[in-house]
DNA sequence: AGCGGAACCTGTCGGC
DNA sequence: TGCCGACAGGTTCCGC
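In the working numbering, the protein residues as written are 7 to 278.
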């Protein structure tokens with residue numbers, strides 16, 4: 007489901023609601039997500055306080071007091087919701103977290119691609135999974151990324167989706183970013199001009215920041231923690247708009263499928 | 001080594 | 001109306 011902007015909105019929402027609260031109980035309802043939820047999560051979390059909630063790429067990090075912390079990934083359909091006294095049960099609820107002030111937080115995930123794990127060393131919080139740089143202030147790392155780009159033989163869209171290059175971009179924003187910078191999605195990364203790459207980085211930053219400010223994109227079942235929809239969908243320029251006309255040149259947006267994933271682009275604005 | 005595609009799982013939607 | 005296949009924002013694994 008969620009790419010960086012959605013995870014950012016969700017993490018902020020969690021932080022606003024659970025910072026400094028004490029976990030009175032955590033129950034695993036179904037541990038069979040992408041990976042089995044660690045058995046000791048329940049005992050680990052009991053009576054711990056929430057020190058912070060952070061994001062790295064598409065991962066969320068719940069910092070607890072003590073030496074162990076929670077890292078989560080929402081996969082495609084992972085969601086959190088709050089409930090007060092009455093806990094309504096829904097299909098695909100997997101974790102229930104009770105706080106000492108009576109608030110409950112529930113993790114629900116239809117497709118079970120999400121994951122929860124425990125991380126110990128705080129230093130690892132930003133260096134796990136070989137995640138690439140966060141897509142902000144990219145002008146300061148442009149030279150590094152340019153060198154890295156030159157070692158790759160993939161097309162530029164695949165490179166954008168590579169979490170080890172820049173972290174946090176997914177299938178929706180990859181199309182949007184390439185459209186914004188007028189780059190053909192299947193052009194080899196190595197063939198990009200420096201100028202075009204520069205433009206790509208500034209588009210990346212621009213699009214993601216704007217999406218965050220709009221509350222993330224809503225397609226199908228995305229919700230933030232308070233159940234609100236994101237408002238970015240009306241701002242999507244190519245994703246899901248096949249057959250409609252390009253805002254810049256009026257030709258039709260096309261949809262191409264490769265490796266099971268759809269790519270949307272304008273054939274005249276994004277020339278090979 | 002690094003790439004493209006399949007697999008993982010469940011729900012929904014469109015076509016026949 | 002009903003069934004079946006295609007498709008969905010994620011990562012990881014496997015074979016070439």
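C-beta atoms are modelled at their ideal positions from N, C-alpha and C, and glycine is treated no differently.
Predicted model, so just to flag it, every value in this text is computed and none were measured.
query: Could you check where the alpha helix (DSSP H) with residue 58 kicks off and where it finishes?; result: Where residue 58 is concerned, there is no enclosing alpha helix (DSSP H), although the beta strand (DSSP E) it sits in stretches over 56-62.
query: For residue 129, count neighbouring C-beta atoms within 10 Å of its own C-beta (all shown protein chains included) and say buried if the count is 16 or more, exposed if not.; result: exposed
query: Please report the distance separating the alpha-carbon of residue 110 from that of residue 32.; result: 10 Å
query: Look at the Cβ atom of residue 113, then the Cβ atom of residue 142, and state whether they are nearer than 7 Å.; result: no
query: Comparing C-alpha positions only, which one of 278, 59, 271 sits nearest to residue 242?; result: 271
query: Given a threshold of 16 other Cβ atoms within 10 Å of its Cβ, counted over all protein chains shown, does residue 51 qualify as buried or as exposed?; result: buried
query: Check each candidate in 115, 116, 88 and name the one with the smallest Cα separation from residue 105.; result: 88
query: If we ignore side chains and look at the alpha-carbon of each, how far apart do residue 189 and residue 218 end up?; result: 23 Å
query: Beta strand (DSSP E) containing residue 162: first to last residue?; result: Run containing residue 162: none in the beta strand (DSSP E); it sits in the alpha helix (DSSP H), 162-167.
query: What do you get for residue 42, buried or exposed, if any count of 16 or more other CB atoms within 10 angstroms of its CB means buried?; result: exposed
query: Report, in whole angstroms, the separation of the C-beta atoms of residue 196 and residue 156, which I expect to be a contact under 8 Å.; result: 6 Å
query: How would you call residue 54, buried or exposed, if buried means at least 16 neighbouring beta carbons within 10 angstroms?; result: buried
query: My output table needs one value for residue 87: the three-state DSSP class, helix, strand or coil.; result: strand
query: What three-state label does DSSP hand residue 183 in the structure shown?; result: helix
query: If you measure between the beta carbons of residue 24 and residue 56, is that distance less than 7 Å?; result: yes
query: Around the Cβ of residue 73, are there at least 16 other Cβ atoms within 10 angstroms (buried) or fewer (exposed)?; result: exposed
query: Residue 146 by DSSP, collapsed to three states: which one?; result: helix
query: Along the beta strand (DSSP E) that carries residue 252, what are the first and last residues, could you check?; result: Per DSSP, residue 252 belongs to no beta strand (DSSP E) and is neither H nor E.
query: Over the uninterrupted beta strand (DSSP E) stretch that includes residue 20, give me the two end residues.; result: Segment 10-24 is the alpha helix (DSSP H) holding residue 20; no beta strand (DSSP E) there.
query: Between the stretch 205-213 and the stretch 175-194, do three or more beta carbon pairs fall short of 8 Å?; result: yes
query: Can at least three beta-carbon pairs, one atom from the stretch 93-100 and one from the stretch 112-126, be found at a separation below 8 Å?; result: yes
query: Specify the secondary structure class of residue 39 as computed by DSSP and reduced to three states.; result: coil
query: Which residues in the same chain as residue 17 place their Cβ atom closer than 6 Å to its Cβ, once the five residues preceding and following it in sequence are excluded?; result: 59, 61, 66
query: Please state whether DSSP places residue 275 in a helix, a strand or coil.; result: coil
query: Residue range of the beta strand (DSSP E) that residue 119 falls in?; result: Unbroken run through residue 119: none, as it is neither H nor E.
query: Please say whether residue 138 and residue 173 have beta carbons closer to each other than 7 Å?; result: yes
query: Count the other CB atoms, across all protein chains shown, that sit within 10 Å of the CB of residue 96; report buried if there are 16 or more and exposed otherwise.; result: exposed
query: Ignore the nearest five residues each way along the sequence and tell me which others in residue 325's own chain have a CB closer than 6 Å to its CB.; result: This structure does not reach residue 325, given that the chain is present from 7 up to 278, and the question cannot be answered.
query: For residue 144, I'd like the list of residues in its chain whose CB is within less than 8 Å of its CB, leaving aside the five on either flank, ordered along the chain.; result: 151, 172, 207, 208, 210, 211
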